[in-house]
Amino acid sequence: MNDHIYGSKNITMCPDGKYRWVYELDMYKSSVIIKEVWRAMLIAGVIVLAFLFVINIMDNDLMEALEFVVQAAAVLFGIFLVLSIIGYLVFAFIIGGKYCVVFEMDEAGVNHKQHEKHVKKSQLIGAITTLAGAARGSLNMVGTGVLAAARTSMYTDFDAVKELEILPKQHLIRLNETLSRNQVYAADEDFAFVADYIIARCRNAKVKG
């Protein structure tokens, strides 16, 4: 059960006990997503370079192996940088420059749902309003259907979170698990509520920020 019911023009409590809201991120102005891409590529690159170092040191001395890895790193990360920027811009163009997400949050966890570009922010807000206002009947089904039509989603159980990063200037809360991390966004006027709600329920997490 919720300790209290919060409501704003952005966040709605629905009959199923979940808070829902829509957040639209401008991909041309925000660096959050491209930084996540670079982070993933950096991890992949380090793994590849470590493998090359192990293979190379079997046939060469330490300094030669290190020199080879440094040269390979320069080439590899140069390629990764160019491809990531091009890929990011192409992806941003395809989805209209807006990363539109619906968040569903209750006592147990939070779900991050990205929607196709043809599903507009106004449609998603309307679906949440419909879901909140319709107790039964076809309207309820319409609202649920639009909200369920996500292209990708990521659910985080609050009990599994190991670390929280609270970044109010970016409107962002990162929920870091052992092998994955979710990103929750909220508008300025709702950020404190969402952050406090999550912090209170991530009992095993260290809080940063």
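According to the working numbering, the sequence shown is numbered sequentially starting from 183.
Heads up, the beta-carbon is just placed ideally off N, CA and C, and yes, glycines get one too.
Nearest to F259 by alpha carbon, out of I277, I229, A377?
I229
The alpha helix (DSSP H) that contains I261, what's its start and end?
244-276
Buried or exposed by the 16-neighbour rule on C-beta atoms within 10 Å, applied to E218:
exposed
Distance check for H353 and V251, CA to CA, integer angstroms please.
38 Å
For the alpha helix (DSSP H) containing F233, list its first residue and its last residue.
214-239
What does a CB cutoff of less than 6 Å around E338 pick up in its chain, not counting 5 residues either side in sequence?
Inspection of the sequence shows that residue 338 is occupied by Thr rather than by Glu. Result list for T338: G291, V292, L357, N364, in chain order.
Exposed or buried, K388, counting other C-beta atoms within 10 Å across all chains shown (16 or more means buried)?
exposed
Helix, strand or coil at M323 according to DSSP, with G and I counted as helix:
Only weak support exists for where M323 lies, its pLDDT of 45 falling under 50; the value from the coordinates is given anyway. Helix at M323.
Our contact map puts V366 next to I380 with C-beta atoms below 8 Å; I'd like the distance itself, whole angstroms only.
7 Å
Between the C-alpha atoms of A255 and Y188, what's the straight-line distance to the nearest angstrom?
50 Å
For K351, does the three-state DSSP call read helix, strand or coil?
helix
Any idea what DSSP makes of D288, helix, strand or coil?
coil
V366 - partner residues in DSSP beta bridges
I355
Going by DSSP in three states, R318 sits in which element: helix, strand or coil?
Bear in mind that the predicted position of R318 carries a pLDDT of just 46, short of 50, making it too unreliable to give a figure here.
Within the continuous beta strand (DSSP E) that includes R385, where are the two ends?
Taken as a continuous stretch (DSSP letters only), R385 belongs to no beta strand (DSSP E), as it is neither H nor E.
Option nearest L349 by Cα separation, candidates T360, I237, A368
A368
Are at least three pairs of beta-carbons, each pair with one atom in the segment 226-240 and one in the segment 193-207, less than 8 Å apart?
no
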